[in-house]
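Number of protein chains: 2
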Amino acid sequence: MNEIKFRKIIREDLADVFLLLNQLKEKDINTIDSETAWKNFKSNSSSNSIVCIYNDRVVAYGSIVIENKIRGDIAGHVEDIVVDDSMRGKMVGVKLINKLINIGSEKGCYRITLFCEEKLINFYERTGFKVNNIMMKKFL
Amino acid sequence: MNEIKFRKIIREDLADVFLLLNQLKEKDINTIDSETAWKNFKSNSSSNSIVCIYNDRVVAYGSIVIENKIRGDIAGHVEDIVVDDSMRGKMVGVKLINKLINIGSEKGCYRITLFCEEKLINFYERTGFKVNNIMMKKFL
């Protein structure tokens, strides 16, 4: 059986990750300036993203944003979790979240938060998250 | 009448902000290493915090974390909103949120998110936020 591996995202993963993220939220890939997107992503040291590789293919993506709070605490925010449809049932999602939790732990986070739809509560509870509050959003 | 002013946080605000944040979430201020907290806060360019000044006193604090997403989008997360109890009813909270929204807008955010308790939904709706999803949390 082929192994599922996780590693930090590299520039060469971008095209695959763009396709994958379209399963989460559609965006016209032709409108993305990959060079600028990559440069800006790398320039923001608080964004940490990993990919999951299976059969030499990127099959999952996730990110954790690290926040340095004014009183010295460090908080993590899990963002943009997506697992390829073909990989359901292989525990890829749980492993991905655990990898991001590990990154948060290494960075010294005292807590990690995430937003999700109600139907995903059970999934995130499997990695130790608990429903805490309301998430509100404003588009600019 | 004295004017309410907003500006970026400076090192000299720290003691006041620590006291203010204790109205939100208690933390033993003596345990905070201000020098390290300030250095780490400043080193993370994605954290932007402002204070509200009234009668030469820091009476409100809020932060917006800027996230560079892998597809080039920029997202903002509003964090740690606190208004001094003595300032209730002066629209300080709404003005503070609007200042943070402006910062997000200047930074190119396409959307801003925040977590809050159910009782604060009405307040945030006044600045254009809408209930969107569930927030989950895990302590490390």
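Heads up: the protein sequence lines correspond to chains W and E, in order. Going by the numbering used here, the first residue of the first sequence is number 1, and it counts up by one from there. Going by the numbering used here, the first residue of the second sequence is number 1001, and it counts up by one from there. We treat Cβ as the ideally placed atom computed from N, Cα and C, and that holds for glycine. Just so you know, these numbers come straight off a predicted model, no measurement behind them.
Distance CB(residue i)-CB(residue j) smaller than 8 Å
i, j, result
"E/Phe1129", "W/Lys138", "yes"
"W/Lys69", "E/Asp1080", "yes"
"W/Lys107", "W/Ile66", "yes"
"E/Ile1053", "E/Lys1005", "yes"
"E/Leu1021", "E/Val1082", "yes"
"W/Ile134", "E/Glu1118", "yes"
"E/Ser1046", "E/Ser1063", "no"
Proximal residues of chain B, C-beta to C-beta of residue i below 9 Å
i, result
"W/Ile121", "Annotation note: the requested chain B is absent from the structure, which comprises protein chains W and E."
Reduced DSSP category for residue i - H, G, I as helix; E, B as strand; rest coil
i, result
"W/Asp80", "strand"
"E/Ser1043", "helix"
"E/Ile1112", "strand"
"W/Glu67", "strand"
"W/Lys25", "coil"
"E/Met1087", "helix"
"W/Arg57", "strand"
"E/Lys1119", "helix"
"W/Lys138", "strand"
"E/Ile1103", "helix"
"E/Phe1129", "coil"
"W/Ile97", "helix"
"W/Asn30", "helix"
CA nearest to the CA of residue i, picked from the options
i, options, result
"W/Asn102", "W/Ala75, W/Asp85 and W/Asn122", "W/Ala75"
"E/Leu1024", "E/Cys1116, E/Phe1006 and E/Thr1127", "E/Cys1116"
"W/Thr36", "E/Arg1071, E/Ser1043, E/Arg1057 and E/Thr1031", "E/Arg1071"
"E/Arg1057", "E/Leu1140, E/Asp1016 and E/Leu1120", "E/Asp1016"
"W/Asp73", "W/Ile4, W/Glu3, W/Asn30 and W/Ser105", "W/Ser105"
"E/Val1078", "E/Val1131, E/Met1087, E/Ser1049 and E/Val1092", "E/Ser1049"
"W/Ile10", "W/Lys42, W/Asn2, W/Ile29 and W/Met135", "W/Lys42"
"E/Glu1003", "E/Ile1032, E/Tyr1124, E/Val1131 and E/Met1091", "E/Met1091"
"E/Val1059", "E/Lys1027, E/Ser1034, E/Thr1031 and E/Arg1088", "E/Arg1088"
Proximal residues to residue i (C-beta, below 8 Å), its chain only, five neighbours per side dropped
i, result
"E/Thr1127", "Val1094, Ile1097, Asn1098 and Ile1101"
"E/Asn1132", "Thr1113"
"E/Tyr1124", "Ile1097, Leu1114 and Cys1116"
Beta-carbon contacts of residue i that lie in its chain and below 7 Å, excluding the five residues immediately before and after
i, result
"W/Asp85", "Gln23"
"W/Ile121", "Val131"
Neighbourhood of residue i by C-beta, 6 Å cutoff - its chain only, sequence neighbours within 5 removed
i, result
"E/Val1051", "Ile1009, Asp1013, Val1058 and Tyr1061"
"W/Ser34", "Leu14"
For the stretch 1078 to 1097 of chain E and the stretch 99 to 112 of chain W, state whether three or more C-beta atom pairs, one from each stretch, are separated by less than 8 Å.
no
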